[in-house]
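Trainee:
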Amino acid sequence: MELGENSLDYLSNGLFHGIINSLHWTKLLDCVSYEGGDIQRKCCDQIIDLCPFGYFGTNCLFRCHCENLGEPKACLMSGECFKGDTCEKYYFGNLCQYRSISHEVNDEIFYANDWNIHTCNKRPPEEPLVFRFKSIGRPFHYVRIQFDNINALQDVFRLKDVLEKSTLELLLQSQYQYTVCSDLQFWIVSSDILELYCPAQRYRYVDALKLSGKMLAQVCEVYISGGRDIAALSAISYYSGNKEIDIRDDLSSSIDPETKLLCTSAKSTRSSLIRRYTFKFTPVGFSLVIRHNKGKNRLNNFGVVVNNDRQALKPLQDDDENSTILFRHVHHLEHIDVLLSNAERREVALSMCGVEVYGDCEKKRYGLGCLKSCHDCEKIKNKCDLKGSCYTLSSSLQDVRIYTRVCASCAKSKCEGGSCSAGCIPGSRGENCLEECGRCGGNLGCDQHSGKCIEEECEIGFAGPRCTLPCGMCSDKRCEGLNRTCTSKQCVAGFKGRSCTQTCFHCGGRGECNIETGACFDKCNAGYRGDVCLLACTNCAGRGACDQKTGQCEEGCNYGFTGLTCSEKCSNCLSELCNKTTGECLIGCQHGFRGPKCDQPCRYCKNQTCLANGVCSEGCIIGYYGKHCERVCHNCGNDGSCHYQTGHCLHGCIPSFYGTLCSEACGNCAGDSSCNEKGKCQHGCKAGFKGETCKERESVLLDNPEDVASRSNSS
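Take the sequence shown: its position 636, counted from the start at 1, is 635 in numbering that gives the first Met the number 0, and no numbers get skipped.
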């Protein structure tokens, strides 16, 4: 979708970038006017879909490769970068979808592959440019050359030299000499960009390529196309041997905070991930995009399967720990199964944030998914770009048209200066009729300028004023309105929501659920529970199944767990073996624990060693005694130790105490002196006390009875 100039100015400001960074699924609807003083702006009368950060296109299936000062940025729904943003490093083209592989060479060519258009050729023009790829050959696609000034290709004499004196030589894989491209073709993209094609060698594997000719005198950058990133997000299948897989369905929670990419992950030493891509074109290579969080060894011991029969398990290459693209492989396949598996089971997590698959559309096809036709380009034997514009491919000067644009879809073929003055043929719209209408019903197409369908109804499966919004999984494939509400109010099995765009979680049977509540009509799949089958059964053995309501495991617990829902760990049991119902340990406790469930520590046992019944087999630590060392040695002298069985103090009592257990306090000894082990005071008793232990009181003599009586009467 192209936006007007004013709209681009408005949408590219910081406010809109903030919207994109903070929201995931939102729509900016209808036409908005801005008036104030002598300023009047009208934001285009179109619907703008906002995707999760870093994605664009229909249903947000395509990855954005825009950046600004090295920071990843969002892009317009059309895939174009916002004003002021550029392509991410190693990507080029009007939608930044083509990946350059010119840097994947053994020899550094500073000015030609440094990703800087301001550093240009400093070598003699007659010296050829040679790009020799590392280790494995690459499929040849085409070469783009950027020159050092904006008028470089507009000088007809210079252009003649470029076209007639330039050569492209390819060192084909399994051969030992360069092959000159005999059918070299040129595509003049703009006033300073030239592209070279060799149709006879397209997609042939090459080890090196050599450029020569007068054009090299002004070369600033060479992009060797590794194909266009035309992989769309697709359904993913998950496999895990012990069901510890971590699948996140919510977009916001599955964005990798480091790479800002949509990721899926499995937390298991026995798990694997698989993602299948099926294409309407021939892929020539792909890259895996992985979470960037484990440094140099983040994916050791993992492998990848890339062919249909899964017989080729190739190790992952992780040469650059600062890169999130860890592996590249080239292959001709109708579809690609990308399977990550933990071959040696040493790592505890693996993740996949994306798969970039490279290739390009065949002739007469264009668009992000190669699903559109180039209209009349076929008649003039031309190729079209991503938007369907026809460009001339030629090897002779007479046929070259700089940035040639053909009005292929004008009504009555009336084309004036690149604009269709008489309207468009049905199905096309825009000033030059190169944009396609939505999926309008009938035969009248849409309005040339607004894109609104002339007839009210859309094709089955689409909705919205321009019929650009695809219906969800409605039972009759029909929906209406901007919210894409299903008219039948029924979804295909496995989907829910008014627009049937949300999946039922883990429902059994046919996978059906209530479209409003998500409650499953049948039981949950093994391993899940709850009304909507979202909660995982915890640590269940066998199939991993549990009761849908209570969570009780149907086949008992995995080793190491106990309880009705297997949510309790076997506490400190040897080999983590315990009764799956009672939790009692089956073969004893780990060192330092006791009791039927080994949940009581051998706290005061010497060396923390005790039998399962709690008896300390090596005695007690200083200060404690008893079978379980649960009693405290009282008032023992020296180091406070006592006999571990009787409690008798081994080195006597502390001052003021006596007895076998030092539990008796000395009596009232004179001068607060101590007593011996039998309690006898060493220096006698205090006044008023008597006996060996000085605990008896002496008798007090009363006055004369007559004096006592006399005092009593007088009072």
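Where is the CB? At the ideal position from N, CA and C, for every residue including glycine.
Since the model is a prediction, treat every value here as computed from it, not as a measurement.
What residue from C423, E79, G83, E220 has the CA that sits closest to N120's CA?
Mentor: Your numbering for residue 120 matches position 121 in the sequence shown. Measuring C-alpha to C-alpha distances from N120 to each of C423, E79, G83, E220 identifies E220 as the nearest.
Trainee: Should the segment 188-207 be called in touch with the segment 71-91, which here means at least 3 C-beta pairs below 8 Å?
Mentor: no
Trainee: In terms of alpha-carbon separation, which member of K548, R542, C539 lies closest to C532?
Mentor: The residue you call residue 532 lines up with position 533 of the sequence shown. Cα-wise, what sits closest to C532 is K548.
Trainee: By DSSP, does K82 sit in helix, in strand, or in coil?
Mentor: On the sequence shown, position 83 is the one that residue 82 refers to. In this structure, K82 counts as coil in the three-state DSSP scheme.
Trainee: Just verifying my parser: in three-state terms, what is the DSSP assignment at N112?
Mentor: As a first step, residue 112 is located in the sequence shown; it is residue number 113 there, counting from the start. If DSSP states are grouped into helix, strand and coil, N112 belongs with coil.
Trainee: Select from D228, I144, G225 the residue whose C-alpha is nearest the C-alpha of I192.
Mentor: Counting from 1 along the sequence shown, the entry for residue 192 is found at position 193. Ranking the options by Cα distance to I192, first place goes to I144.
Trainee: In three-state terms, what does DSSP make of E435?
Mentor: To locate residue 435, count along the sequence shown from 1; it is residue 436. Correct three-state label for E435: strand.
Trainee: Select from C601, V631, G69 the residue whose C-alpha is nearest the C-alpha of H590.
Mentor: In the sequence shown, the residue the question calls residue 590 occupies position 591. The residue with the shortest Cα to Cα distance from H590 is C601.
Trainee: Helix, strand or coil, according to DSSP, for Q501 in the structure here?
Mentor: Counted from its first residue, the sequence shown places residue 501 at position 502. In this structure, Q501 counts as strand in the three-state DSSP scheme.
Trainee: Out of curiosity, what's the CA-to-CA distance linking E697 and H642?
Mentor: For the purposes of this step, residue 697 is taken as the residue at position 698 of the sequence shown. For the purposes of this step, residue 642 is taken as the residue at position 643 of the sequence shown. Looking at the two C-alpha atoms, the distance is approximately 38 Å.
Trainee: Taking 7 Å as the cut-off, does the CB of L533 come closer than this to any heavy atom belonging to the ligand HEM?
Mentor: The ligand HEM is not part of this structure, which contains no ligands at all.
Trainee: Measure the beta-carbon distance from C604 to C584 and round it to whole angstroms, keeping in mind my assumption that it falls under 8 Å.
Mentor: Working through the sequence shown from its first residue, we reach residue 604 at position 605. Working through the sequence shown from its first residue, we reach residue 584 at position 585. In fact, because the Cβ distance is near 18 Å, the residues do not count as touching under 8 Å.
Trainee: Between Y571 and the rest of its own chain, which residues show a CB-CB distance below 6 Å, the 5 nearest in sequence each way excluded?
Mentor: Taking the sequence shown and counting its residues from 1, one reaches residue 571 at position 572. Note on identity: in this sequence residue 571 is Asn, with Tyr being the wrong assignment. Cβ neighbours of N571 beyond the five flanking positions: C588, Q589, F592, C597.
Trainee: Evaluate D37 with the Cβ neighbour count: other Cβ atoms within 10 Å of its Cβ, from every protein chain shown; 16 or more gives buried, anything less gives exposed.
Mentor: Residue numbering aside, residue 37 sits at position 38 when the sequence shown is read from its first letter. Note on D37: pLDDT 29, under 50, position unreliable in the model; the coordinate value appears next. When all chains shown are included, D37 counts as exposed.
Trainee: Which residues in the same chain as C490 place their Cβ atom closer than 7 Å to its Cβ, once the five residues preceding and following it in sequence are excluded?
Mentor: As a working mapping, residue 490 is identified with position 491 in the sequence shown. If you ignore the 5 residues before and after C490, its C-beta comes within less than 7 Å of the C-beta of M472, C473, S474, C499, I514, all in its own chain and listed in chain order.
Trainee: So what does DSSP say about A199, is it helix, strand or coil?
Mentor: For the purposes of this step, residue 199 is identified with residue 200 of the sequence shown, where counting begins at 1. Reduced to three states, the DSSP call for A199 is helix.
Trainee: Pick helix, strand or coil for S616, following the three-state DSSP scheme.
Mentor: Locating residue 616 in the sequence shown gives position 617, counting from the first residue. Three-state result, S616: coil.
Trainee: For L183, I'd like the list of residues in its chain whose CB is within less than 8 Å of its CB, leaving aside the five on either flank, ordered along the chain.
Mentor: For this step, residue 183 is matched to residue 184 along the sequence shown. Once the five neighbours on either side are set aside, the close Cβ partners of L183 are S165, T166, L167, L195, Y196, C197, S394.
Trainee: Exposed or buried, which one is N634 when buried takes at least 16 other CB atoms within 10 Å?
Mentor: Along the sequence shown, read from residue 1 onward, the residue named residue 634 stands at position 635. Buried, since its Cβ has 16 or more Cβ neighbours within 10 Å.
Trainee: Please state whether the Cβ-Cβ distance between C556 and A544 is less than 8 Å.
Mentor: Here residue 556 is taken as the residue at index 557 of the sequence shown, counted from 1. Here residue 544 is taken as the residue at index 545 of the sequence shown, counted from 1. Contact: no.
Trainee: So for L481, helix, strand or coil by DSSP?
Mentor: Mapped onto the sequence shown, residue 481 falls at position 482. Coil.
Trainee: Taking the alpha-carbon positions, what's the G562 to T608 distance?
Mentor: Taking the first residue of the sequence shown as position 1, residue 562 is located at position 563. Taking the first residue of the sequence shown as position 1, residue 608 is located at position 609. Roughly 28 Å between the two C-alpha positions.
Trainee: So is L725 buried or exposed if we call it buried at 16+ other beta carbons inside 10 Å?
Mentor: Nothing can be reported for residue 725, as the shown portion of the chain is limited to 0 through 714.
Trainee: If you count every other CB in all the chains shown that lies within 10 Å of the CB of S99, and 16 or more means buried, which is it?
Mentor: The sequence position of residue 99 within the sequence shown is 100, counting from 1. Counting Cβ neighbours within 10 Å, S99 comes out buried, since at least 16 surround it.
Trainee: Provide the residue(s) that pair with I187 in DSSP beta bridges, ordered along the chain.
Mentor: Counting from one through the sequence shown, the residue named residue 187 turns up at place 188. L193, per the DSSP bridge assignment.
Trainee: Apply the 10 Å Cβ neighbour rule to P654 and answer buried if 16 or more other Cβ atoms are within range, or exposed otherwise.
Mentor: Here residue 654 refers to the residue found at position 655 of the sequence shown. With fewer than 16 other Cβ atoms within 10 Å, it is exposed.
Trainee: Between which two residues does the beta strand (DSSP E) harbouring T645 extend?
Mentor: By 1-based counting over the sequence shown, the position of residue 645 is 646. Neither: T645 is in no beta strand (DSSP E) and is coded neither H nor E.
Trainee: Do C648 and C632 have their C-beta atoms within less than 8 Å of each other?
Mentor: In the sequence shown, counting from the first residue as 1, residue 648 sits at position 649. In the sequence shown, counting from the first residue as 1, residue 632 sits at position 633. A contact, by the Cβ cut-off of 8 Å.
Trainee: If you drop the 5 nearest sequence neighbours on each side, which residues of the same chain put their C-beta closer than 7 Å to that of A492?
Mentor: As a first step, residue 492 must be located in the sequence shown, where it is residue number 493. Closer than 7 Å at Cβ, skipping near neighbours: R509, G510, E511.
Trainee: Would you grab the beta carbon distance between K694 and N675 for me? Rounded to a whole angstrom, and I think it's under 8 Å.
Mentor: As a working note, residue 694 is residue 695 in the sequence shown. As a working note, residue 675 is residue 676 in the sequence shown. Contact flag wrong, Cβ pair sits at about 14 Å.
Trainee: Would you report the Cα separation of N442 and C506, rounded to the nearest angstrom?
Mentor: For the purposes of this step, residue 442 is taken as the residue at position 443 of the sequence shown. For the purposes of this step, residue 506 is taken as the residue at position 507 of the sequence shown. Cα-Cα distance, rounded: 42 Å.
Trainee: Report, in whole angstroms, the separation of the C-beta atoms of L128 and A111, which I expect to be a contact under 8 Å.
Mentor: Looking up residue 128 in the sequence shown gives position 129. Looking up residue 111 in the sequence shown gives position 112. Yes, they are in contact, since the Cβ atoms of L128 and A111 sit about 6 Å apart, within 8 Å.
Trainee: So I514 is in the beta strand (DSSP E); what residue range does that whole segment cover?
Mentor: Locating residue 514 in the sequence shown gives position 515, counting from the first residue. No beta strand (DSSP E) holds I514; DSSP gives it neither H nor E.
Trainee: Have a look at S211 and C439 and give me their C-alpha separation to the nearest angstrom.
Mentor: Translated into the one-based positions of the sequence shown, residue 211 becomes position 212. Translated into the one-based positions of the sequence shown, residue 439 becomes position 440. Those two C-alpha atoms are separated by around 51 Å.
Trainee: Tell me whether S574 sits in a helix, a strand or coil according to DSSP, three-state version.
Mentor: In the sequence shown, counting from the first residue as 1, residue 574 sits at position 575. Here S574 sits in helix by DSSP.
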